[in-house]
Amino acid sequence: MRQAVITGRASAYLNDMWVANTPLDRVALVARHVPPRSQWPDGVQYVKGRLAERDLVRGTAMSTTSPLRTFFDVARFDGFAHALVVADWLVKHGGCTPDRLRTLVEIQPTFPGKVAARFAAQHVSTRPDSAPESYARGLLLAAGITDVQVNVWVLAGKYRVDLLINGWLVIEIDGWVKYDGETYGKTDEQLMKEKQRQNEIENDQFKVLRFSPRYLEEHPDKFIATVRKWLAKGY
1 MRQAVITGRA SAYLNDMWVA NTPLDRVALV ARHVPPRSQW PDGVQYVKGR
51 LAERDLVRGT AMSTTSPLRT FFDVARFDGF AHALVVADWL VKHGGCTPDR
101 LRTLVEIQPT FPGKVAARFA AQHVSTRPDS APESYARGLL LAAGITDVQV
151 NVWVLAGKYR VDLLINGWLV IEIDGWVKYD GETYGKTDEQ LMKEKQRQNE
201 IENDQFKVLR FSPRYLEEHP DKFIATVRKW LAKGY
């Protein structure tokens with residue numbers, strides 16, 4: 001156990017990378033010598049492998065995989081939408097360019113999750129400001145909704161919206177910190193500002209849908225169904 005290295009979304013958490021907070025039922029560990037499955041502790045999944053030094057972030061009590069290796073393993077264990085969250089972090093905060101990330105994916109030998117990693121690298125962006133924005137975009141792209149712009153200015157630059165689909169459907173991801181009564185001012189005043197903002201945007205021929213990060217994480221299918229319903233209606 002001491003020689004095992006934490007990877008996947010648990011590694012992303014520990015390295016302060018962006019992560020969508022969907023349930024993490026198992027922590028993935030990379031080890032040179034994997035015990036029999038019957039000896040795996042509850043909530044642990046082993047992956048047999050030998051990591052190069054460049055793929056490690058060594059710690060005093062535990063070690064994790066590097067951000068890049070973490071991205072590959074998130075793609076392997078969690079799929080495209082989660083991989084896109086990590087990919088966006090890599091190009092926004094991790095010192096990697098989109099072109100470089102695409103190259104790094106392509107030169108990797110075939111591994112489980114490479115298709116998801118490649119798709120994430122193809123759609124990676126420096127524009128998202130948070131993990132929920134990236135995760136929402138990942139869910140949309142995975143559902144085949146591809147005309148998605150990130151952090152777009154509308155009303156001649158007066159307001160910036162999180163996501164814009166097909167040029168008219170606005171998706172806003174609202175964290176509760178916006179209404180905690182402290183960070184952005186009094187709750188009632190903030191609610192009034194948001195209502196006025198939404199009214200102005202919708203009066204300019206947009207439709208605004210609002211979701212919390214928690215809703216996206218707990219109800220991804222309902223999120224997509226709601227978006228599809230409005231797209232089918234048209235504007």
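By full-length UniProt numbering, the letter at position 80 of the sequence shown is numbered 80, and the numbering carries on one by one without gaps.
C-beta atoms are modelled at their ideal positions from N, C-alpha and C, and glycine is treated no differently.
Checklist entry - If you check the beta carbons only, do residue 124 and residue 12 fall under 8 Å apart? => result no
Checklist entry - What distance in whole Å lies between the Cβ atoms of residue 43 and residue 26, which are believed to be in contact at a cut-off of 8 Å? => result 5 Å
Checklist entry - Using CA coordinates, which residue listed in 102, 139, 189 is at the minimum distance from residue 22? => result 139
Next on the checklist: With three or more C-beta pairs closer than 8 Å as the rule, is the segment 69-83 touching the segment 102-118?
Outcome noted: yes
Checklist entry - Looking at residue 67 and residue 17, is the spacing between their C-beta atoms short of 8 Å? => result yes
Checklist entry - If we ignore side chains and look at the alpha-carbon of each, how far apart do residue 145 and residue 46 end up? => result 35 Å
Item to check | Three-state class that DSSP yields for residue 168 in the structure shown | outcome: coil
Item to check | Separation of residue 70 from residue 235, as counted between CA atoms | outcome: 41 Å
Checklist entry - For residue 201, which residues of its own chain have a beta-carbon under 8 Å away from its beta-carbon, when the five flanking residues on both sides are left out? => result 154, 155, 159, 161, 170, 208
Next on the checklist: Let me make sure I understand the geometry here. Which of 172, 213, 214 has the alpha-carbon closest to that of residue 194?
Outcome noted: 172
Next on the checklist: Less than 8 Å between the C-beta atoms of residue 141 and residue 148, yes or no?
Outcome noted: yes
Item to check | Alpha-carbon spacing of residue 168 relative to residue 229, whole angstroms | outcome: 14 Å
Checklist entry - Rounded to the nearest angstrom, how far is the Cβ of residue 29 from that of residue 7, given a contact under 8 Å? => result 7 Å
Item to check | C-alpha gap between residue 53 and residue 82, whole angstroms | outcome: 25 Å
Item to check | Paired residues, beta bridge with residue 173 - DSSP | outcome: 211
Item to check | Inter-residue spacing [alpha-carbon to alpha-carbon] between residue 102 and residue 122 | outcome: 7 Å
Checklist entry - Name the DSSP beta bridge partners of residue 26, please? => result Note: residue 26 sits in no beta bridge, so no partner.
Next on the checklist: Assuming the contact rule is C-beta atoms closer than 8 Å, residue 224 and residue 143 should be a hit. Round their C-beta distance to whole Å, please.
Outcome noted: 5 Å
Checklist entry - Unbroken beta strand (DSSP E) runs of length 3 or more, entirely within the segment 85-163: which are they? => result 148-154
Checklist entry - If you run the structure through DSSP and keep just helix, strand and coil, what is residue 196? => result helix
Checklist entry - Secondary structure at residue 235, three-state DSSP: helix, strand or coil? => result coil
Item to check | Closest residue to residue 120 among 62, 219, 90 (Cα-Cα distance) | outcome: 90
Item to check | Distance between beta carbons of residue 134 and residue 88, contact taken as under 8 Å | outcome: 4 Å
Item to check | Cβ-Cβ distance between residue 217 and residue 20 below 8 Å | outcome: yes
Next on the checklist: Cutting at 8 Å between CB atoms, please list the residues of its own chain near residue 40, excluding the five before and the five after it.
Outcome noted: 46
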